[in-house]
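S.K.: Just so you know, we're using the working numbering here: the sequence shown kicks off at 5 and counts up by one. We put the beta carbon where it would ideally sit given N, CA and C, even for glycine. One structure, pasted below without further comment.
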Amino acid sequence: MFNNRNLSKRILILAWPVILEMALHMIVWVFDTAMVGRLSAEALNAVGLGGQIVFTVTFIFAGIGVGTMVLVARYTGSGQKEDVEKTASQGLGLGFIIGMVVALTIGLLSRNLLMHFVKDPEVLRLGIVYMRITSLAAAFMIPLNVCSSILRGAGNTTIPMIIAAVANIINIVGDYVLIFGYFGFPRLEVAGAAIATAVGQITGSLILIGMLMSGIGGVRVRPLQMFSFDKDLVRKIFKLSIPASLEEFTHSGSRVLSSLWISSMGAVSFAANSIAVSAESISFMPGYGFAVAASTLVGQNLGACRKDEAEESALQSTAMGVLLMTMIGLAFFLFPTVIISVFTNLPDVMKLAARCLKIGAFEQPFIALSMAMASSLRGAGDTRGAFIVAATSNWLVRLPLIFMVIYVFRLEVTYVWIATLMQFVVESGLLTHRFLRRKWKDIDLETI
Numbered sequence: 005m006f007n008n009r010n011l012s013k014r015i016l017i018l019a020w021p022v023i024l025e026m027a028l029h030m031i032v033w034v035f036d037t038a039m040v041g042r043l044s045a046e047a048l049n050a051v052g053l054g055g056q057i058v059f060t061v062t063f064i065f066a067g068i069g070v071g072t073m074v075l076v077a078r079y080t081g082s083g084q085k086e087d088v089e090k091t092a093s094q095g096l097g098l099g100f101i102i103g104m105v106v107a108l109t110i111g112l113l114s115r116n117l118l119m120h121f122v123k124d125p126e127v128l129r130l131g132i133v134y135m136r137i138t139s140l141a142a143a144f145m146i147p148l149n150v151c152s153s154i155l156r157g158a159g160n161t162t163i164p165m166i167i168a169a170v171a172n173i174i175n176i177v178g179d180y181v182l183i184f185g186y187f188g189f190p191r192l193e194v195a196g197a198a199i200a201t202a203v204g205q206i207t208g209s210l211i212l213i214g215m216l217m218s219g220i221g222g223v224r225v226r227p228l229q230m231f232s233f234d235k236d237l238v239r240k241i242f243k244l245s246i247p248a249s250l251e252e253f254t255h256s257g258s259r260v261l262s263s264l265w266i267s268s269m270g271a272v273s274f275a276a277n278s279i280a281v282s283a284e285s286i287s288f289m290p291g292y293g294f295a296v297a298a299s300t301l302v303g304q305n306l307g308a309c310r311k312d313e314a315e316e317s318a319l320q321s322t323a324m325g326v327l328l329m330t331m332i333g334l335a336f337f338l339f340p341t342v343i344i345s346v347f348t349n350l351p352d353v354m355k356l357a358a359r360c361l362k363i364g365a366f367e368q369p370f371i372a373l374s375m376a377m378a379s380s381l382r383g384a385g386d387t388r389g390a391f392i393v394a395a396t397s398n399w400l401v402r403l404p405l406i407f408m409v410i411y412v413f414r415l416e417v418t419y420v421w422i423a424t425l426m427q428f429v430v431e432s433g434l435l436t437h438r439f440l441r442r443k444w445k446d447i448d449l450e451t452i
């Protein structure tokens with residue numbers, strides 16, 4: 005049995021680089037928004053919407069990294085080095101194939117995808133430019149995600165954080181010189197933002213792939229094994245990954261649909277909701293960090309046949325995540341206007357967004373619980389269970405309640421946040437119930 009202090013230290017070692025990595029991604033998002041926002045409203049809308057489509061589609065298909073990570077963690081725990089390398093190599097090979105298909109699809113269908121959401125011809129034109137360029141990045145973003153998942157499964161979260169820092173620095177510098185044409189570079193505006201994103205992601209991916217092929221980070225990818233697919237191993241990876249992709253599709257679809265409904269409530273309500281969501285996302289960084297720690301430790305301990313330690317790791321990671329996100333929630337409750345003022349100075353929007361964020365404060369412990377419990381189940385190989393709960397909470401709780409708030413009772417947007425709070429209460433309860441049944445302890449990945 006782990007000493008609690010040693011376990012807490014191990015969890016923090018795994019979690020803090022992930023938290024910092026998420027913070028870096030948020031900083032890039034802020035820089036992107038600020039710099040593109042200096043061009044025009046049309047440019048900002050085009051990049052915002054085009055980027056949302058590209059990254060949502062990419063993240064859905066990046067579920068291949070989940071299955072790879074689960075197997076790598078399990079084999080790492082059991083000391084099966086050859087299986088770790090084979091899984092990492094073939095998972096990365098699959099990531100390349102899926103990435104190429106996704107990139108080609110986004111590039112060819114960018115106009116068709118945008119036309120469902122955009123009426124303004126200038127926004128449509130700029131959005132197509134942005135999507136076609138960033139689709140090149142999608143071909144490398146999925147392999148990059150797989151590489152990061154491999155290292156996290158092996159217990160190394162520091163290298164993915166360092167690579168994210170490199171990619172994000174390239175992105176920010178590229179934005180500055182290519183959007184506005186500084187230091188002799190051409191002024192490319194929206195195309196410049198897209199190129200900066202693509203170059204950053206491609207560079208990060210190539211560096212990380214090179215490190216894995218060199219064995220840096222504790223795992224070596226064998227190029228000759230990448231496309232020499234083992235049918236049974238590929239089946240395992242897909243059987244674990246498909247539910248994870250469906251789970252991401254469920255969450256993403258629910259967010260997009262609810263945003264479309266909220267847009268019908270008027271400009272002030274839509275802006276207030278968007279800003280409150282942006283402010284609330286600050287709290288997701290620590291939650292995600294402790295969730296990754298839980299997933300890694302659960303997988304490795306199960307691989308080492310230490311089932312009690314796997315449960316203890318999950319529970320302690322969850323407790324630490326809940327504590328930290330609850331503290332952030334307290335700040336949301338006590339200082340909502342101060343936090344919202346960072347994002348807008350429009351009085352009507354500020355007032356409504358602050359009320360939304362105050363409700364969001366009560367969501368924090370339940371979101372933390374959901375993130376950690378779902379990640380623990382995934383780490384054990386129960387990706388199907390995490391998907392079933394996500395589908396239940398989104399499609400049977402969140403969306404029906406939001407629909408009734410907007411179209412039946414015609415209430416203000418704060419009631420949408422109450423509906424979302426109810427969703428997270430249900431979701432965290434269902435995930436905790438599934439975890440405490442402890443059937444995940446007996447999942448045999450060799451027979452799935």
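Could you give the distance in angstroms between the alpha-carbon of Thr424 and the alpha-carbon of Phe65?
M.R.: The straight-line gap from Cα to Cα measures roughly 25 Å.
S.K.: Can you give the Cα-Cα distance for Ser267 and Gly111, rounded to whole angstroms?
M.R.: C-alpha separation (whole angstroms): 27 Å.
S.K.: Should Ser285 be labelled buried (16 or more other beta-carbon atoms within 10 Å of its own) or exposed?
M.R.: exposed
S.K.: Quick check: the Cα distance between Ala378 and His255, rounded to an integer number of angstroms?
M.R.: 13 Å
S.K.: Once DSSP output is grouped into helix, strand and coil, what is the label at Tyr186?
M.R.: coil
S.K.: Please report the Cβ distance between Ala314 and Ala376, rounded to the nearest whole angstrom; I am assuming they are in contact, meaning their Cβ atoms lie under 8 Å.
M.R.: In fact, because the Cβ distance is near 13 Å, the residues do not count as touching under 8 Å.
S.K.: Please determine, among Gly52, Phe439, Leu361, Phe242, the residue with the shortest C-alpha to C-alpha distance to Ser317.
M.R.: For Ser317, the nearest C-alpha among the options comes from Phe439.
S.K.: Does the pairing of the stretch 268-283 with the stretch 339-348 give three or more beta-carbon distances under 8 Å?
M.R.: yes
S.K.: Which same chain residues, not among the five before or five after Leu415, have their C-beta less than 6 Å away from its C-beta?
M.R.: Excluding sequence neighbours, Leu415 sits near Val409.
S.K.: Determine the contact status of Lys240 and Leu449, defining contact as a CB-CB distance below 9 Å.
M.R.: yes
S.K.: Taking only runs of the beta strand (DSSP E) that begin and end inside the stretch 342-368, which ones reach a length of at least 3 residues, in chain order?
M.R.: none
S.K.: When DSSP labels each residue in this structure, what does Met526 get in the three-state scheme?
M.R.: Outside the shown range of the chain, which is 5 to 452, sits residue 526, and nothing can be said about it.
S.K.: Would you kindly work out how many angstroms separate the C-alpha atoms of Val170 and Phe413, rounded to a whole number?
M.R.: When only Cα atoms are considered, Val170 and Phe413 end up about 49 Å apart.
S.K.: In three-state DSSP terms, what is Ile220?
M.R.: coil
S.K.: Starting from the C-beta of Met217, find all residues in its chain whose C-beta is less than 6 Å away, skip the five residues before and the five after it, and write them out in chain order.
M.R.: Val225
S.K.: So for Glu86, helix, strand or coil by DSSP?
M.R.: helix
S.K.: Rounded to a whole number of angstroms, what is the C-alpha to C-alpha distance between Ile166 and Ala197?
M.R.: 22 Å
S.K.: Tell me where the alpha helix (DSSP H) around Leu28 begins and ends.
M.R.: Run containing Leu28: 8-41, per the alpha helix (DSSP H) assignment.
S.K.: So for Glu431, helix, strand or coil by DSSP?
M.R.: Here Glu431 sits in helix by DSSP.
S.K.: Helix, strand or coil, according to DSSP, for Arg136 in the structure here?
M.R.: helix
S.K.: Can you have a look at Ser232 and say buried or exposed, based on whether 16 or more other CB atoms are within 10 angstroms of its CB?
M.R.: exposed
S.K.: Quick one, which of Ala200, Phe187, Glu193, Val194 has its alpha-carbon nearest Ile174's?
M.R.: Ala200
S.K.: Quick one: grab the DSSP three-state call for His255.
M.R.: Residue state, collapsed to three classes: helix.
S.K.: Taking the straight line between their C-alpha atoms, what separation do you get for Ile371 and Val420?
M.R.: 16 Å
S.K.: Out of Gln320, Ile146, Pro190, Val353, point me to the one whose CA is closest to Ile101's CA.
M.R.: Ile146
S.K.: Helix, strand or coil for Lys443, going by three-state DSSP, please let me know.
M.R.: helix
S.K.: Taking the straight line between their C-alpha atoms, what separation do you get for Pro340 and Ile422?
M.R.: 16 Å
S.K.: Using a Cβ distance threshold of 8 Å, determine whether the stretch 326-334 contacts the stretch 241-255, with at least three qualifying pairs required.
M.R.: no
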